[in-house]
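Participant: There's a structure below that I have some questions on.
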Amino acid sequence: MELALNQPAPLIKRLTWFDWLFAVVVGSGALFALSRYGEYMDIYDKGILLAAIPALTVFGWFWKPFRPLFLVVGALSLFAISLYDGNLARMEEAFFLKYLISSQAAIMWMCALFGLATLTYWTGLLSRSAFALKTGTALTWSAVALGFVGLMVRWYESYLIGPDVGHIPVSNLYEVFVLFCLITAMMYLYYEARYQARQLGALVLLVISAAVGFILWYTFDRGAHEIQPLVPALKSWWMKLHVPANFIGYGSFSLSAMLGVGYLLARRGILANRLPSLDVIDDMMYKAIAIGFGFFTIATILGAMWAAEAWGGYWSWDPKETWALIVWLNYAAWLHIRLVKGLRGPMLAWWAVIGLFVTTFAFLGVNMFLSGLHSYGTL
Amino acid sequence: MNTTSHTFGRSLFELLSSMRFAISLLSILAVASIVGTVLKQAEPYSNYLIQFGPFWFEVFRKLGLYDVYHAAWFLLILGFLVLSTSVCIWRNAPNFAREMRSFREHVTDQSLAAFKHQHVVETTQSPADFAARAQAYLEGQGYQVRQLPREDGLLLAAKAGSWNRLGYFLAHSAIVLICIGGLMDGNLVFKAQQALGMKKIETRDIPQSQVPAISRLSPSNPSFRGSVQIPEGSSANVVFLNVADGYLVQDLPFTVGLKQFRIEHYSTGQPKSFESDIELFDKSGKKIRDATIAVNHPLIHDGIAIYQASFADGGTRLTIQGWNLFAPMAAAFPIEGTVHQNTTLTSPAGNYTLEFTDFRPFNIENLGGDAPPKDNAMSVFGGSPVADNKHLHNVGPSFQYKLRDARGQAREFSNYMLPLELDGRWYMMSGVRESPNEAFRYLRMPLDADGKLDSFMRLRGALLNSDLRPEIAARFARQALPQNAWGTEIEDKLKFSATQVLALYADGGFQALGRFIEEKVPQAEREKAAGTYLRILELSAFEALAIANREAKLPPPKADDATGWLVRDTLNSMSDLFVYGAPVYLQLMQYDEVKASGLQLTRSPGKNVVYFGSLLLTLGVFFMFYVRERRVWLRVKPGQALLAMASTKHTLDFEQEFARHREALDTLAR
Ligand code: HEM
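Top line first, the protein sequences correspond to chains A and B.
FYI, in this note's numbering the residues of the first sequence are 1 to 379.
FYI, in this note's numbering the residues of the second sequence are 1001 to 1670.
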């Protein structure tokens, strides 16, 4: 019983040999990259690379499953790169590239695994099978790993197409949809472990599957997976920060909406004895919105700073900006109601669900229905 | 009296700082913002007039819907938000500041006993001992602890996460700061001047130098955002601010000259960079500095930022050959033009104004047809992400113009300079459309073996020339009939038919022939008749070409496939001339390109305020979310202790933490 008394030891003292190994791998990897490719990087690239060492290390220490994920993704990506050996044509020749870890193959595997994970989670939920739920978790992790490998390799492939074409894969709707799936899944996996709430995977994976459906349609119908060079407006290192930050926001808002669905279902007695308790769902929903709000705030500010550099004004009331503001105001109101008025329950759950529609419009609808600076119409 | 105004003030204060009001404002602001994303903002007023009709146009104008985000009512909502947030801070600040410092040492035993989260521990330890161990434990958990003597024992008052409150200050002051910064960069000053009649929007299309002072803003104007287009080799010392249905001229404290504007392309033809080499001069004409700006790389000089915003043609000089499309001859005439300028075109059908609107040195077109079939194993993955750009081609320069007739009606044309290969043959292409939101429809004129339009034009002239018709018909009839039928009635009939077909065609192309057949021929025979007429027309046209060549002192056309296609293409193309909508075709022969760079210049003193506010907002939001404020009390008496815990926010973390403390104290008490 002494355990309960122990003061939480400082983080440093709780670290295992694996934690240190992880730190060494992250650090030496980044330093190797710096020494080998430093001459191609500008000061920002270098700064970000160096800042990534402590950031990734601490993140891995804080969230332990990130370490194996990082190592697996790193190893597979390096393997893919070594198979390429600087020759794009190897994509069709090398067995592993062709069927597994060329960017497109890996991303399609990610899609398939997310689909399987959805089915498995539902099986687990309906049959109350802990084993099936565990399998769902494993499949989701594998999907995340392959998705990241896909993005990393895609990054490399873009440079093989042409040194001036190469860019980080967060620049078009196809790439950010993959990112969206990955971020939503990772956030869910984090909460799933924290709250021991595997059953919710069935709901959360639905929104990821919807995104996967979009990716597939976009690939097969529109050929959107083709790597295109960046238009001048996107050639800015702000993009590398702004877009991922935005997607942490979008991902967690979507997560909260699916939790909202779970809350509403459970409250009506549907699946109630299979899903976690209302309190747990409610708490997860709040956490997701809070973290999403934080990152969305940062993303919007970064966007404003980028706009100030690219368009000559930090705020132009362009439709995409305006919708970002609407999303932000929406969740600000949500937080006030919950935290200040202390309201809980179905009303907020409904609101979170509706929030998904507002968010989806801001994220997709604006690109499809409204025109503005974000469609890069003028340059 | 005094009390009423006091209570009124009080309830206004209550209202402004109430949560309900704040949430309403946030929602109203969100909904109001939607308006401006649905209705395109700051378009020319004529567009709105066409879209809504005169009545609604006026209503929407009064409501400020064409510039929602600067409309008085929108600013009023924002103003209320700032006010409400400020009042809210004003109201909460003293309490929150006190709370941050306070340990709430004055809780009474009764109130502790009434806490929802409380727990009693029995212990045999002395109050002082137990309190010391508990204090060590709490401090280990990150609490600040105070020990206070109480009558029969003591009280431990502990708190953690006070910064949560600081977060509130930071985030909410940030909202106020950001709005103030935004207002500093808005056009409030101008609006006030406009309301007082000191400034007026210019709506006339006049040279910048003639814009009167009342529509000009001085170089010391603290904030502006305007744009200007500078052709290469020219300079500008003003920018234009689009306001409502007009503009204002902002005088600059310096002059910007454009030396060169460059576009670089990727190998696929997509633009890779837009760059302007500019130079700045002071008022006396002395050069201050040279610089190159690009998208995402502005130049900031003297608090004014200069951005690469767009590009356009800066007045390219065009050397053109004009072809009279309805003249029965094939000669071309020269025209000189400059983009953005007009010339007059005289024709038998009346005078036209020729307005040169644009020139493009590159046109990347997809000439590829369908993508190759994907039958390899990777196709299940959607195929390779390496784009297949083989069918993207640069088809060379094009220029655009409007041809306006005497009644003011205009059609827009877009002509390529170089021929395009379609279905294995080469054509000159000319696009035409009636209004800007249509796509261009293309007229394609065949080139001859020399790669020129001359044969097309010659044949076209001959077909339009009614004087030649008898000879064409005669030659056609001789060619079509065996010698023993020459001079018979059949020949006369054939000649007559050919003359008729040629006349109909020259009058209105295939459409005229079609109409004729519909009128004269019974339904059952139409198809056959059409085939016959087409055959007659093609063979006659070949004879027409032979005659035209003879007149032009050229060798007769060869009777080969190429000539056959030339004749067929000419007939198709000529028929389209009747719906082309212009009496001339303008062929670009040479050009001398002048580009213009669109620059945006801004002065925004509020930017740093906004950025500072943003920093506070970020910090504030993270303090509020990630620093959990909570308090613990331990009332220690001989033999037992009461643990109580409270937080402004009840999350599961809080419950878990309470459970942990409870267990720990049970252990400690043993
Ligand atoms: C655009 C405007 C606003 C934004 C973005 C905003 C944002 C926030 C956020 C993110 C929180 C944190 C919730 C939490 O504690 O986790 C919060 C709390 C709060 N807000 Fe606002 N707020 C705004 C306007 C207002 C206004 C106008 C009021 C005044 C009525 C107000 C009063 C409060 C109060 C009292 C809290 C609780 C602070 C606490 O207990 O820690 N807010 N706000």
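Built from N, CA and C at the ideal position, the CB exists for glycine as well.
Please name the residue or residues paired with residue 1158 of chain B in a DSSP beta bridge.
Facilitator: Start at 1 with the first residue of the second sequence, and residue 1158 of chain B comes out as number 158. In the DSSP output, where bridge partners are listed per residue, residue 1158 of chain B has B/1145, B/1632.
Participant: Thinking residue 1271 of chain B and residue 1594 of chain B are a contact (beta carbons under 8 Å), I'd like their distance in whole angstroms, please.
Facilitator: Counting from one through the second sequence, the residue named residue 1271 of chain B turns up at place 271. Counting from one through the second sequence, the residue named residue 1594 of chain B turns up at place 594. Residue 1271 of chain B to residue 1594 of chain B, Cβ: 19 Å. No contact.
Participant: Can a CB atom of chain B be found closer than 8 Å to the CB of residue 391 of chain A?
Facilitator: For chain A, the structure presents residues 1 to 379; residue 391 of chain A sits outside this window and is missing.
Participant: Quick check on this structure: which residue in B/1069, B/1407, B/1588, B/1666 has the alpha carbon closest to the alpha carbon of residue 1358 of chain B?
Facilitator: On the second sequence, position 358 is the one that residue 1358 of chain B refers to. The candidate whose alpha carbon is nearest that of residue 1358 of chain B is B/1588.
Participant: Does the CB of residue 1225 of chain B have a neighbour CB from chain A at under 8 Å?
Facilitator: In the second sequence, residue 1225 of chain B corresponds to position 225, counting from 1. Yes, residue 1225 of chain B counts as interfacial toward chain A.
Participant: According to the Cβ coordinates, are residue 1235 of chain B and residue 1257 of chain B closer than 8 Å?
Facilitator: Taking the second sequence and counting its residues from 1, the one referred to as residue 1235 of chain B is at position 235. Taking the second sequence and counting its residues from 1, the one referred to as residue 1257 of chain B is at position 257. In this structure, residue 1257 of chain B lies closer than 8 Å to residue 1235 of chain B by Cβ.
Participant: Could you check the C-alpha separation between residue 1167 of chain B and residue 1619 of chain B for me, to the nearest Å?
Facilitator: The count along the second sequence starts at 1 and reaches residue 1167 of chain B at position 167. The count along the second sequence starts at 1 and reaches residue 1619 of chain B at position 619. So the two alpha carbons sit approximately 7 Å from each other.
Participant: Check for me: the beta strand (DSSP E) holding residue 1229 of chain B runs from which residue to which?
Facilitator: Along the second sequence, read from residue 1 onward, the residue named residue 1229 of chain B stands at position 229. For residue 1229 of chain B, the enclosing beta strand (DSSP E) has its first and last residue at 1224-1231.
Participant: In this structure, does DSSP put residue 1652 of chain B in helix, strand or coil?
Facilitator: Counting from 1 along the second sequence, the entry for residue 1652 of chain B is found at position 652. Here residue 1652 of chain B sits in helix by DSSP.
Participant: Taking the alpha-carbon of residue 1622 of chain B as reference, which of B/1164, B/1217, B/1473, B/1645 has the nearest alpha-carbon?
Facilitator: Along the second sequence, read from residue 1 onward, the residue named residue 1622 of chain B stands at position 622. Among B/1164, B/1217, B/1473, B/1645, the Cα nearest to that of residue 1622 of chain B is on B/1164.
Participant: What do you reckon, are the CB atoms on residue 1466 of chain B and residue 1498 of chain B nearer than 8 Å?
Facilitator: Residue 1466 of chain B sits at position 466 when you count from the first residue of the second sequence. Residue 1498 of chain B sits at position 498 when you count from the first residue of the second sequence. No, the Cβ-Cβ distance between residue 1466 of chain B and residue 1498 of chain B is not below 8 Å.
Participant: Mapping DSSP to helix, strand and coil, what is residue 1598 of chain B?
Facilitator: Residue mapping note: residue 1598 of chain B aligns to position 598 of the second sequence, counting from 1. Three-state result, residue 1598 of chain B: strand.
Participant: Report back the beta-carbon spacing between residue 259 of chain A and residue 288 of chain A to the nearest angstrom; my notes put them in contact at under 8 Å.
Facilitator: In the first sequence, counting from the first residue as 1, residue 259 of chain A sits at position 259. In the first sequence, counting from the first residue as 1, residue 288 of chain A sits at position 288. Right, their Cβ atoms sit about 6 Å apart.
Participant: Whole angstroms is fine: what's the gap from residue 1351 of chain B's alpha carbon to residue 1336 of chain B's?
Facilitator: In the second sequence, the residue the question calls residue 1351 of chain B occupies position 351. In the second sequence, the residue the question calls residue 1336 of chain B occupies position 336. C-alpha separation (whole angstroms): 17 Å.
Participant: Can you name the start and end residues of the alpha helix (DSSP H) that residue 1040 of chain B belongs to?
Facilitator: Within the second sequence, numbered from 1, the residue matching residue 1040 of chain B stands at position 40. Per DSSP, residue 1040 of chain B belongs to no alpha helix (DSSP H) and is neither H nor E.
Participant: Find the residues of chain A that neighbour residue 1468 of chain B, judging by a C-beta separation of less than 8 Å, and give them in chain order.
Facilitator: Counted from its first residue, the second sequence places residue 1468 of chain B at position 468. The premise fails here: residue 1468 of chain B is roughly 52 Å from chain A at the closest Cβ pair, so nothing lies under 8 Å.
Participant: Buried or exposed for residue 1629 of chain B, going by 16 or more other Cβ atoms inside 10 Å?
Facilitator: As a position in the second sequence, residue 1629 of chain B is number 629, starting the count at 1. With 16 or more other Cβ atoms within 10 Å, it is buried.
Participant: If distances are taken between C-alpha atoms only, which option among A/45, A/355, A/335 comes closest to residue 1625 of chain B?
Facilitator: Along the second sequence, one-based indexing puts residue 1625 of chain B at 625. Ranking A/45, A/355, A/335 by Cα distance to residue 1625 of chain B puts A/335 first.
Participant: Inspect the beta-carbon positions of residue 1536 of chain B and residue 1468 of chain B and report whether they are closer than 8 Å.
Facilitator: To locate residue 1536 of chain B, count along the second sequence from 1; it is residue 536. To locate residue 1468 of chain B, count along the second sequence from 1; it is residue 468. Contact flag unset, no.
Participant: Would you report the Cα separation of residue 1199 of chain B and residue 1215 of chain B, rounded to the nearest angstrom?
Facilitator: Within the second sequence, residue 1199 of chain B is the residue found at index 199, counting from 1. Within the second sequence, residue 1215 of chain B is the residue found at index 215, counting from 1. Cα-Cα distance, rounded: 6 Å.
Participant: So, at 8 Å on beta carbons, what are the nonlocal neighbours of residue 224 of chain A in its own chain, with the 5 sequence-adjacent residues on each side left out?
Facilitator: Stepping through the first sequence from its first residue, residue 224 of chain A is reached at position 224. Contacts found: 172, 173, 174, 218.
Participant: CB-CB under 6 Å to residue 1577 of chain B, same chain, minus the five flanking residues each way: which ones, in chain order?
Facilitator: Walking along the second sequence from the start, residue 1577 of chain B turns up at place 577. 1325, listed in sequence order.
Participant: Please say whether residue 292 of chain A and residue 330 of chain A have beta carbons closer to each other than 8 Å?
Facilitator: In the first sequence, counting from the first residue as 1, residue 330 of chain A sits at position 330. In the first sequence, counting from the first residue as 1, residue 292 of chain A sits at position 292. Going by C-beta atoms, residue 330 of chain A is not nearer than 8 Å to residue 292 of chain A.
Participant: Report yes or no: do the stretch 311-324 of chain A and the stretch 1020-1031 of chain B share at least 3 C-beta pairs separated by less than 8 Å?
Facilitator: no
Participant: Using a beta-carbon distance below 8 Å, is residue 1022 of chain B in contact with chain A?
Facilitator: Along the second sequence, one-based indexing puts residue 1022 of chain B at 22. Residue 1022 of chain B counts as touching chain A.
Participant: Look at the alpha carbon of residue 15 of chain A and the alpha carbon of residue 1263 of chain B, and state the distance between them as a whole number of angstroms.
Facilitator: Translated into positions along the first sequence, residue 15 of chain A becomes position 15. Translated into positions along the second sequence, residue 1263 of chain B becomes position 263. If I take the Cα positions, the gap works out to 54 Å.
Participant: Rounded to the nearest angstrom, what separates residue 1372 of chain B and residue 92 of chain A at their Cα positions?
Facilitator: For the purposes of this step, residue 1372 of chain B is identified with residue 372 of the second sequence, where counting begins at 1. For the purposes of this step, residue 92 of chain A is identified with residue 92 of the first sequence, where counting begins at 1. Confidence at residue 1372 of chain B is low in this model, with a pLDDT of 48, below 50, so its placement is unreliable and the value that follows should be read with caution. Those two C-alpha atoms are separated by around 16 Å.
Participant: For residue 133 of chain A, which of helix, strand or coil comes out of DSSP?
Facilitator: Sequence index remark: in the first sequence, residue 133 of chain A carries index 133 (1-based). Helix.
Participant: Checking 8 Å against the spacing of the C-beta atoms, do residue 185 of chain A and residue 143 of chain A come in under that value?
Facilitator: Position 185 of the first sequence, counting from 1, holds the residue named residue 185 of chain A. Position 143 of the first sequence, counting from 1, holds the residue named residue 143 of chain A. In contact: residue 185 of chain A and residue 143 of chain A (Cβ atoms closer than 8 Å).
Participant: Can you find a C-beta in chain A that's less than 8 Å from the C-beta of residue 1017 of chain B?
Facilitator: Reading the second sequence from its first residue, position 17 is the one you call residue 1017 of chain B. It does not; no Cβ of chain A falls within 8 Å.
Participant: Give the secondary structure of residue 1319 of chain B by DSSP, where H, G and I count as helix, E and B as strand, and everything else as coil.
Facilitator: Numbered from 1 along the second sequence, position 319 holds the residue referred to as residue 1319 of chain B. Strand.
Participant: Run through the DSSP bridge pairs and tell me what residue 1446 of chain B is partnered with.
Facilitator: By 1-based counting over the second sequence, the position of residue 1446 of chain B is 446. Residue 1446 of chain B pairs with B/1427.
Participant: Please check the pair residue 11 of chain A and residue 63 of chain A, which I expect to be a contact at CB under 8 Å, by giving their CB distance rounded to whole angstroms.
Facilitator: Taking the first residue of the first sequence as 1, we reach residue 11 of chain A at position 11. Taking the first residue of the first sequence as 1, we reach residue 63 of chain A at position 63. Not a contact, Cβ separation roughly 12 Å.
Participant: Do you know how far the Cα of residue 170 of chain A is from the Cα of residue 157 of chain A?
Facilitator: In the first sequence, the residue the question calls residue 157 of chain A occupies position 157. In the first sequence, the residue the question calls residue 170 of chain A occupies position 170. In a straight line, the C-alpha of residue 157 of chain A is about 14 Å away from that of residue 170 of chain A.
Participant: Would a check of beta-carbon distances place residue 162 of chain A closer than 8 Å to chain B?
Facilitator: On the first sequence, position 162 is the one that residue 162 of chain A refers to. Yes, because at least one Cβ of chain B sits closer than 8 Å to the Cβ of residue 162 of chain A.
Participant: At least one CB of chain A closer than 8 Å to the CB of residue 1372 of chain B: is that the case?
Facilitator: Residue 1372 of chain B sits at position 372 when you count from the first residue of the second sequence. Unreliable placement is indicated for residue 1372 of chain B, whose pLDDT of 48 sits below 50; no coordinate value is reported for it.
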